[in-house]
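*Asks:* Quick one: structure below, then a few questions.
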Amino acid sequence: MSFFFQKNIFIVACSVIALLLFIKGLPDASGNAGYKLTEKWVPQMKYPQNLQSKQFYQQLLTLYPAKATSNSPLLFVLGNETGTTEEKLISLYRIYGSPDEVIFMAAEHRSYGGTLAITYSHKYPETLNVALASSTRVKWPLLLNEYAAEFKTVQAPGFVQRLEQSMMHIATDRVAL
């Protein structure tokens with residue numbers, strides 16, 4: 004056989020192996036069944052209520068285990084003000100025991116300003132209790148001092164005192180953490 008013929012057979016064999024690995028998915032470090040990762044960027048409106056607002060693109064990563072089907076359960080993870088990476092999704096998949104049939108999906112999440120209830124409270128003070136309940140009591144004590152200076156002087160004099168009173172009425176055991 005000639006050198007070029009052997010070279011072509013080698014290239015074809017490598018291509019077939021690469022294609023099979025792509026279709027089946029690479030095995031993870033523990034040797035479990037493989038998975039396939041996909042990445043999509045979904046356009047979102049910065050302000051959904053305003054169709055003329057600027058768009059941004061939200062990253063969506065999906066990990067499909069080898070045995071997953073269209074009827075498989077889905078574990079959806081919304082990012083925590085951070086980017087979504089393949090490494091984080093694979094790590095989560097492994098932490099959960101690398102289940103063969105559960106699809107893991109992670110979406111980047113960022114507030115892009117204005118999603119905290121405190122931002123809108125000066126416009127809608129009557130909804131303060133509901134807004135705080137949906138935002139969880141846990142993060143407000145951490146953010147309160149940062150926001151207090153701006154909102155006391157600029158947008159809502161007396162707001163911080165109302166916020167503190169409202170926070171005390173939210174029962175921690177009723178808040179999903």
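In our numbering, the protein residues as written are 4 to 180. Cβ coordinates follow ideal geometry from the N, Cα and C atoms, glycine included.
Reducing DSSP to helix, strand and coil, say where F154 ends up.
*Replies:* Only weak support is given to the placement of F154: the predicted model assigns it a pLDDT of 49, under 50, and the value that follows is read from those uncertain coordinates. In the structure shown, F154 sits in a helix (DSSP, three-state: H, G or I).
*Asks:* Just how far apart, CA to CA, sit I14 and E90?
*Replies:* Taking the straight line from one Cα to the other gives about 30 Å.
*Asks:* Counting C-beta neighbours from all protein chains within 10 Å, is the total for F107 16 or more, i.e. buried, or is it exposed?
*Replies:* It is buried - the Cβ of F107 has at least 16 other Cβ atoms within 10 Å.
*Asks:* Whole angstroms are fine: how far does the CA of K39 sit from the CA of P102?
*Replies:* The alpha-carbon atoms of P102 and K39 are separated by roughly 13 Å.
*Asks:* Does the separation of the CB atoms of L63 and A110 fall below 8 Å?
*Replies:* Taking 8 Å as the Cβ cut-off, L63 and A110 qualify as a contacting pair.
*Asks:* The beta strand (DSSP E) that contains Y38, what's its start and end?
*Replies:* Taken as a continuous stretch (DSSP letters only), the beta strand (DSSP E) holding Y38 covers 38-48.
*Asks:* Taking the alpha carbon of K43 as the reference point, which residue from S73, T88, N74 has its own alpha carbon closest?
*Replies:* Closest option to K43, Cα to Cα, is T88.
*Asks:* Given a cut-off of 8 Å on the beta-carbon distance, is the pair Q61 and M48 in contact?
*Replies:* Taking 8 Å as the Cβ cut-off, Q61 and M48 do not qualify as a contacting pair.
*Asks:* Tell me which same chain residues have a C-beta within less than 6 Å of the C-beta of T65, skipping the five on either side of it?
*Replies:* So the qualifying residues of the chain are T41, M108.
*Asks:* How would you call L81, buried or exposed, if buried means at least 16 neighbouring beta carbons within 10 angstroms?
*Replies:* Under this definition L81 is an exposed residue.
*Asks:* Please state if the CB of S75 and the CB of E104 are separated by a distance shorter than 8 Å.
*Replies:* In contact: E104 and S75 (Cβ atoms closer than 8 Å).
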